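Let me begin by presenting the structure, written as structure tokens, before commenting on it.
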Amino acid sequence: APNSIIKLHLVPFESLHQAILKHTPEAYIITIMRRMMIRIAARLKKKIGAVTLVTGDSLGQVASQTQESLVAIQDVTDAVIVRPLATMDKKEIMDIAETIGTIDISNRPFSDCCAVYIPKNPVIRPSVSFSAAIEGNVDYEPLVKQCVADIITTDIRSDTHLDIVGKGLTIKDIFDETA
Numbered sequence: 001a002p003n004s005i006i007k008l009h010l011v012p013f014e015s016l017h018q019a020i021l022k023h024t025p026e027a028y029i030i031t032i033m034r035r036m037m038i039r040i041a042a043r044l045k046k047k048i049g050a051v052t053l054v055t056g057d058s059l060g061q062v063a064s065q066t067q068e069s070l071v072a073i074q075d076v077t078d079a080v081i082v083r084p085l086a087t088m089d090k091k092e093i094m095d096i097a098e099t100i101g102t103i104d105i106s107n108r109p110f111s112d113c114c115a116v117y118i119p120k121n122p123v124i125r126p127s128v129s130f131s132a133a134i135e136g137n138v139d140y141e142p143l144v145k146q147c148v149a150d151i152i153t154t155d156i157r158s159d160t161h162l163d164i165v166g167k168g169l170t171i172k173d174i175f176d177e178t179a
């Protein structure tokens, strides 16, 4: 619809990400990072009164999307996590992106925090207990709270232009330019 609005929530994750990189065994970095992201999303969900979390997980597409990984990741919340792409393969997902007009965005070169650091051998069957034990070595709570406190929310309309890719997800830079 021409007048539709999407709320975009940008989370400054760099400090938390750096702490994870510093204190986590390489194979578990993506698992721990995604557990932290789910914690943040669950807190935002509660803050804004949302009912569920929705992710783009596609079962088995990457190491962090095995059944065991999804269990270890979602263990940090009791929120319902909806995964509409869970049973689709990459081609089906790309066909949907083509149909809804987002394939060009998907094909742009981009380094999100998952791609910036990809372990050589990520764990494909992480355990919940070992993930929790790794996290228990560091007090991540202040960093998680700071991420939630610093979330920037903006309305995206059809005429909105945010150069997220060009700015490398530097939130301050994005909004300094649009202000």
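Each residue of the sequence shown is one higher than the one before, counting from 1 in this note's numbering. Ideal Cβ positions, reconstructed from N, Cα and C, are used throughout, including at glycine. Please read these numbers as outputs of a predicted model, since none were measured by experiment.
Asked                                                                                                           : Found
Straight-line Cα distance separating I38 from G49                                                               : 16 Å
Counted within 10 angstroms of its Cβ, other Cβ atoms place E135 as buried (16 or more) or exposed              : buried
Continuous beta strand (DSSP E) stretch holding K7: start and end                                               : 6-10
DSSP state of I73 mapped onto helix, strand, coil                                                               : helix
Proximal residues to A19 (C-beta, below 7 Å), its chain only, five neighbours per side dropped                  : V138, Y140, L143
Closest by C-alpha distance to S64, when choosing among Y28, S106, L21                                          : Y28
Spatial neighbours of N121 in its chain, beta-carbon cut-off 7 Å, leaving aside the 5 residues before and after : A27
Beta-carbon spacing of V76, R35 below 7 Å                                                                       : yes
Distance cut-off 6 Å: K90 Cβ against heavy atoms of the ligand ADP                                              : In the structure shown, the ligand ADP is absent, as is every other ligand, since no ligand is present at all.
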